[in-house]
Amino acid sequence: MRVVLLSDAHVDGPADPVQARLVAFLEDVRADRLVLLGDVFHRWWEIRGRPFPAYEPVIAALAVVVARGVAVHVVMGNHDFAAAPKLEALPGLWRTGPVTVDLDGRRVYLAHGDAVDPGAGVRWLGRVIRSATFDRLLQGAGPAAAWRLLGALAGPAGRDRAPPPSLLAAQRSFAEARIREGADLVVMGHLHRPCVEALGGGTLANPGTFRHADSHLVLEDGVPHLVRE
Ligand SMILES: [Mn+2]
-7 MRVVLLSDAH VDGPADPVQA RLVAFLEDVR ADRLVLLGDV FHRWWEIRGR
43 PFPAYEPVIA ALAVVVARGV AVHVVMGNHD FAAAPKLEAL PGLWRTGPVT
93 VDLDGRRVYL AHGDAVDPGA GVRWLGRVIR SATFDRLLQG AGPAAAWRLL
143 GALAGPAGRD RAPPPSLLAA QRSFAEARIR EGADLVVMGH LHRPCVEALG
193 GGTLANPGTF RHADSHLVLE DGVPHLVRE
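According to this note's numbering, the sequence shown is numbered sequentially starting from -7.
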């Protein structure tokens, strides 16, 4: 089985060239299974039940992938957690949070990876953004103002800061714990740094970022390797 895993595209609407690149990638992807490991969208919200129209081409491309018979699994990230209802409504698409799956007989733990981010600011902002009060604020503001406000909070999609060594260490020790619990392979994104490394009798992999490094991960019969375009 061929599984393609992709993370952190952070697409940001029709004016963002990465969005067109992602749509082309999705339309051409050759895989039995496609895993989108979070932060596909840089700022998703639904105002009065309607998602931002800026992302319609990506949703249409996901429907094309499903129609071609590829099993599509989306693991939510911290930038696009609010896309859950729309993604769940797409026929044939499987949406989860962190989850362990069996791929070619290997136990594979999949998560976006923001749970290991101890940044206090991120946690505080995350709680505010997930509150009912914040949703009421955005509903009242309407789609154009909500788009701008979320853009200000999310920061420019093009920004790519190197993760501090402490965060890389936190991801590693989190992965080690999952391996001790029985995972053969742990795949997490969020840090924007690609890797495939042996860890405590298992393997830690990060697809890196489709946005910046143009990288993704391929599992060929359970064996992971990084692809950089
Ligand atoms: Mn993230």
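Cβ atoms here follow ideal geometry from the backbone N, Cα and C, with glycine treated the same way.
Per DSSP, reduced to three states, the secondary structure at E48 is helical.
Beta-bridge partners assigned by DSSP to I39: R42. For G194, the uninterrupted beta strand (DSSP E) run begins and ends at G194 to N198, by DSSP. By the Cβ neighbour-count rule, T195 is buried, with 16 or more other Cβ atoms within 10 Å of its own. Distances taken from the Cβ of D152 to the heavy atoms of ligand 1 include none shorter than 7 angstroms. Contact between the segment 73 to 83 and the segment 50 to 63 is present, with at least three C-beta pairs closer than 8 angstroms. Under the three-state reduction of DSSP output, D94 falls in the strand class.
For the segment 148 to 219, the continuous beta strand (DSSP E) assignments of 3+ residues that do not extend past its boundaries occur at 177 to 180, 187 to 191, 194 to 198 and 207 to 212, in sequence order. In terms of side-chain proximity, the C-beta atom of N70 is found nearer than 7 angstroms to a non-hydrogen atom of ligand 1. At a cut-off of 7 angstroms, the beta-carbon of D24 does not count as near ligand 1: no heavy atom of the ligand is closer than that. For R140, the enclosing alpha helix (DSSP H) stretches over residues P135 to A146. Using a Cβ distance threshold of 8 angstroms, G41 and G181 do not count as a contacting pair.
Selection E19, R170 and G193 evaluated against V108 yields R170 as nearest (Cα-Cα). For the pair of segments examined, the segment 123 to 140 was found not to touch the segment 204 to 213: the number of CB pairs separated by less than 8 angstroms stays below three.
If you draw a straight line from the Cα of A138 to the Cα of G69, it comes to about 19 angstroms. A distance below 6 angstroms between beta-carbons, with the five flanking residues on each side excluded, links H34 to the following residues of its chain, in chain order: H2, D4, H71, A146 and A149.
In the structure shown, V32 adopts coil according to DSSP, grouped into three states.
Just measuring C-alpha positions, the residue of V64, P83 and R87 sitting nearest A75 is R87.
When distances are taken from the beta-carbon of H34 to the heavy atoms of ligand 1, even the shortest one reaches 7 angstroms or more.
In this structure, the beta-carbon distance from S(-1) to P157 does not fall below 8 angstroms. The residues L18, E19, V21, L26 and V64, in chain order, have a CB closer than 8 angstroms to that of V57 in the same chain once the five nearest residues on each side in sequence are set aside. For D213, the number of other beta carbons within 10 angstroms of its own is below 16, and it is reported as exposed. With a cutoff of 7 angstroms, H217 does not count as near ligand 1, since its C-beta is closer than that to no heavy atom of the ligand.
When the alpha-carbon of A136 is set against those of F44, V(-5) and P9, the nearest one is in F44.
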